[in-house]
Amino acid sequence: MPGLLQREHELLTKKWFDYRFLSPLDATLLFGEIYRKALRAFVRANIDRELSEHVDGVKANPPSEPAGWFTQLWIARQRADELGVPYDQFMEFSFHFSGRRTRSRNPLPLQLHANDRTKVAWHAQFEKFKLDRGPFSVWPGSDLAQYQIDHDRGLPAQTNFREVLIAVVQNNAKRWSDVIARHCLSQRQLPLRTVLRIMPADQRRNSLKTAVDETRSGMWGTRNSVKPDDAEFLQSCLGMQNSSTEHSLQCCSCPDRIRCKLIATKIDALAKRRFGSASPVLDARRAAGAARVAKHRAKMAVSRTGGNVRGCV
């Protein structure tokens, strides 16, 4: 549905950093793969070990036509993106929370999230869970080469990553030499001048010397120096139908906004040629709704006519 596609640009800077350069389809398939693994582990631990080897929950490949299970999986993935956590950590918590409740069936993807009845307890427990998983909730991390300053293109996904990382570094740094060595010299995710500017002036010289010495010794490893190709810089929201580029600050600041709009226009044109509509699913649902209304009105008309005839007799 168009509404689901439109949400993708809103989720770009909310989702976990490793997923921001995956297409929504690839991210949904990855989410489904992790869900199947978590489901099998859940069945193995709580129900039946042999049965767990035959449980899938969702299919591995996208359907060739509209399917309810795939729409549910897409929505569930978007909800996990809204929380901004890695999918495996989301599954770990959700199946643990689900396992504490009596169930006659294994939870479907949409049932892993909070609902109106469980949302207070769910979110409270989730915040506690994140505190025990500090690396993903407190300190943003990604090994993607797209986040190295050498490859910065001013994309919202890159800019937001750097803003979050700087804020976290500023509030949580214990050894500034570690910050310089890791994020400036080894992983190349932050400009050195930025870190030097936000750290205490009296620590700059010694911290920088320690960081350089440790990096040269190989203590922090070596970074990936392979430059990603242009396709690897395509953000997850690129070309999404119905994504607004006029009223979103994120879209307005994106250097890919013109290309994004052109791609979305081409997608609409291609869909119209192949299916007769830019959104055949939406049109099909509207047609079905109109048919139901027409059928109901016809039924009511027959009922009124029959009543009048009996009255005349």
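Heads up, my numbering is the position in the sequence shown plus 696, with the first residue counted as 1.
The beta carbon of each residue, even a glycine, is placed where N, CA and C say it ideally should be.
### Task
Please report the residue range of the alpha helix (DSSP H) in which Lys905 lies.
Translated into positions along the sequence shown, residue 905 becomes position 209. Counting along the chain, the alpha helix (DSSP H) containing Lys905 begins and ends at 900-912.
#### Entry: Beta carbon of Arg993 nearer than 7 angstroms to that of Ala853
The residue labelled residue 993 in the question sits at position 297 within the sequence shown. The residue labelled residue 853 in the question sits at position 157 within the sequence shown. For Arg993 and Ala853, no; Cβs fall outside 7 angstroms.
### Message
Using a Cβ-Cβ cutoff of less than 7 angstroms, which residues in the same chain neighbour Thr724 once the five nearest sequence positions on both sides are dropped?
### Response
Start at 1 with the first residue of the sequence shown, and residue 724 comes out as number 28. Taking C-beta separations shorter than 7 angstroms and ignoring five residues to either side along the sequence, the partners of Thr724 in its chain run Leu769, Trp770, Arg773, following chain order.
### Query
Does the region 896-911 come close enough to the region 860-879 that 3 or more CB-CB pairs lie under 8 angstroms?
Output reads yes: the region 896-911 touches the region 860-879.
### Query
Do three or more CB pairs link the region 721-738 to the region 751-758 at distances below 8 angstroms?
yes
### Query
Can the beta-carbon of Leu708 be found closer than 7 angstroms to that of Gln899?
On the sequence shown, position 12 is the one that residue 708 refers to. On the sequence shown, position 203 is the one that residue 899 refers to. No, these two residues do not count as a Cβ contact at 7 angstroms.
### Query
Looking only at C-alpha atoms, which of Cys956, Lys923, Gln883 sits nearest to His705?
Position 9 of the sequence shown, counted from the first residue, corresponds to residue 705. For His705, the nearest C-alpha among the options comes from Cys956.
### Task
Could you tell me whether the Cβ atoms of Ala734 and Met787 are closer together than 7 angstroms?
Residue numbering aside, residue 734 sits at position 38 when the sequence shown is read from its first letter. Residue numbering aside, residue 787 sits at position 91 when the sequence shown is read from its first letter. Yes; because the gap between Cβ atoms is below 7 angstroms, this pair is in contact.
### Task
Please confirm if Glu910 has its CB atom under 7 angstroms from at least one CB of chain C.
Structure shown: chain C not included; a single protein chain is present.
#### Entry: Coil, strand or helix - Cys950 by DSSP
Position 254 of the sequence shown, counted from the first residue, corresponds to residue 950. Correct three-state label for Cys950: coil.
### Message
Suppose you measure from the CA of Lys991 to the CA of Val739; what does that come to, to the nearest Å?
### Response
Residue numbering aside, residue 991 sits at position 295 when the sequence shown is read from its first letter. Residue numbering aside, residue 739 sits at position 43 when the sequence shown is read from its first letter. Going from the Cα of Lys991 to the Cα of Val739 covers about 45 angstroms.
### Coil, strand or helix - Trp712 by DSSP
Working through the sequence shown from its first residue, we reach residue 712 at position 16. Coil, per DSSP.
### Task
Provide the residue span of the alpha helix (DSSP H) that contains Ala776, from first to last.
What you label residue 776 is simply residue 80 of the sequence shown in a count that begins at 1. Where Ala776 is concerned, the enclosing alpha helix (DSSP H) stretches over 764-779.
### Task
Could you pull the start and end residues of the alpha helix (DSSP H) that Tyr731 belongs to?
Position 35 of the sequence shown holds residue 731. From DSSP, the alpha helix (DSSP H) with Tyr731 extends over 720-742.
### Query
In the structure shown, what three-state DSSP assignment does Val1005 receive?
Residue 1005 sits at position 309 when you count from the first residue of the sequence shown. With a pLDDT of only 46 at Val1005, under 50, the local geometry of the prediction cannot be trusted, and the value read off the model is given with reservation. If DSSP states are grouped into helix, strand and coil, Val1005 belongs with the helices.
### Task
Could you tell me if Met915 is buried or exposed, where buried requires 16 or more neighbouring beta carbons within 10 angstroms of its beta carbon?
Numbered from 1 along the sequence shown, position 219 holds the residue referred to as residue 915. Label assigned to Met915: exposed.
### Same chain, Cβ closer than 6 angstroms to Leu892, neighbours up to 5 away in sequence not counted
On the sequence shown, position 196 is the one that residue 892 refers to. Cβ neighbours of Leu892 beyond the five flanking positions: Arg900.
### Query
For Ile862, which option in Leu888, Arg982, Pro924, Asp952 has the closest C-alpha, if you only look at C-alpha atoms?
Against the sequence shown, residue 862 aligns to sequence position 166. Closest option to Ile862, Cα to Cα, is Leu888.
### Query
Nearest to Pro762 by alpha carbon, out of Val816, Arg981, Ala986?
Taking the first residue of the sequence shown as 1, we reach residue 762 at position 66. Nearest of Val816, Arg981, Ala986 to Pro762, Cα basis: Arg981.
### Query
What is the rounded straight-line gap between the Cα of Val865 and the Cα of Arg988?
Taking the first residue of the sequence shown as position 1, residue 865 is located at position 169. Taking the first residue of the sequence shown as position 1, residue 988 is located at position 292. The straight-line gap from Cα to Cα measures roughly 57 angstroms.
### Message
By the three-class DSSP mapping on this structure, what secondary structure does Asn811 have?
### Response
Taking the first residue of the sequence shown as position 1, residue 811 is located at position 115. Asn811 falls in the coil class under three-state DSSP.
### Task
Select from Leu806, Phe791, Leu779, Asp846 the residue whose C-alpha is nearest the C-alpha of Glu823.
By 1-based counting over the sequence shown, the position of residue 823 is 127. With distances taken between Cα atoms, Glu823 lies closest to Leu779.
### Query
For Gly837, which of helix, strand or coil comes out of DSSP?
As a first step, residue 837 must be located in the sequence shown, where it is residue number 141. If DSSP states are grouped into helix, strand and coil, Gly837 belongs with coil.
### From Gln937, Ser999, Leu958, residue whose alpha carbon lies closest to that of Leu978
Reading the sequence shown from its first residue, position 282 is the one you call residue 978. Nearest of Gln937, Ser999, Leu958 to Leu978, Cα basis: Gln937.
### Query
Apart from the five residues just before and just after Ala810, which ones in its own chain have a Cβ nearer than 7 angstroms to its Cβ?
Taking the sequence shown and counting its residues from 1, one reaches residue 810 at position 114. For Ala810, where only same-chain residues beyond five positions count, the Cβ hits under 7 angstroms are Trp818, His819.
### Where Lys957 sits in the DSSP three-state scheme
Start at 1 with the first residue of the sequence shown, and residue 957 comes out as number 261. Residue state, collapsed to three classes: helix.
### Message
I need the straight-line Cα distance from Ala927 to Val860, nearest angstrom please.
### Response
Numbered from 1 along the sequence shown, position 231 holds the residue referred to as residue 927. Numbered from 1 along the sequence shown, position 164 holds the residue referred to as residue 860. Their Cα atoms are separated by approximately 25 angstroms.
### Message
Give me the residue from Pro896, Thr767, Phe791, Gln702 with the minimum Cα distance to Ala741.
### Response
As a working mapping, residue 741 is identified with position 45 in the sequence shown. Taking only the C-alpha atoms, the option nearest Ala741 is Phe791.
### Query
Mind checking whether the beta-carbon of Gly780 lies closer than 6 angstroms to any heavy atom of the ligand HEM?
As far as ligands go, the structure on display features none, and thus does not contain the ligand HEM.
### Span separating the alpha-carbon of Asp848 from that of Leu958
Within the sequence shown, numbered from 1, the residue matching residue 848 stands at position 152. Within the sequence shown, numbered from 1, the residue matching residue 958 stands at position 262. Taking the straight line from one Cα to the other gives about 23 angstroms.
### Message
Quick check on DSSP: helix, strand or coil for Lys923?
### Response
Within the sequence shown, the letter at position 227 stands for residue 923. In this structure, Lys923 counts as coil in the three-state DSSP scheme.
### Task
Measure the CB-CB distance between Gln672 and Arg871 and report whether it falls below 7 angstroms.
With the chain covering 697 to 1009 only, the question about residue 672 has no answer from this structure.
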